[in-house]
Structures are given as structure tokens and as C-alpha cells.
Amino acid sequence: MTELFKFAVEAARALPPERQDELAHLIIAATDGGQKPAALSLDFIASLRKSLEQADCGAFATDEEVAAVWRKHGL
1266 MTELFKFAVE AARALPPERQ DELAHLIIAA TDGGQKPAAL SLDFIASLRK
1316 SLEQADCGAF ATDEEVAAVW RKHGL
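Take 1266 as the starting number for the sequence shown in this note's numbering and just add one per residue.
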């Protein structure tokens, strides 16, 4: 651990718990949380490309179509 990071941790200790948690979330996000990116299947990528092409062409559901889906599911 570098001296600068040690200094930052010591400064964070003086903060209220909520602020400490905010900093912790920032550090985890900045270091990718130690997780690898999810692998995407070829089928998912193909589906995503199709969706993007439809969006580029302006092929969106109408308000009526969206309302019908909500009604169908009781929402």
C-alpha cells in the first residue's frame, strides 16, 4: 500500500459511516470489484445487434402496444 493511499484511508476513518461506504463503493467500482466481465453468448450478441438495428430504424413499440402488454400482465 502506498503512503498516499494510507493517508487517504486515515482521512476516510474520520468520516461518518455513510461517507465511508460511499468511498468504499467508489474504490470497488474503480477496481472492477475484482470481477471479470461477463462472457456474452453468440446468440445474445446476435439478438443485441438485431435490437440495435431495429432501434436505428425507429422500430419501437407504440404507446398502445406497450399499454396492451401492461394490461396483459395486470400492471
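Virtual Cβ for every residue (Gly too), placed ideally from N, Cα, C.
* To do: Whole angstroms is fine: what's the gap from A1332's alpha carbon to R1314's?
  => 26 Å
* Reducing DSSP to helix, strand and coil, say where P1282 ends up. => helix
* Beta-carbon gap between L1269 and A1277 smaller than 7 Å -> no
* To do: List the endpoints of the continuous alpha helix (DSSP H) containing F1325.
  => Per DSSP, F1325 belongs to no alpha helix (DSSP H) and is neither H nor E.
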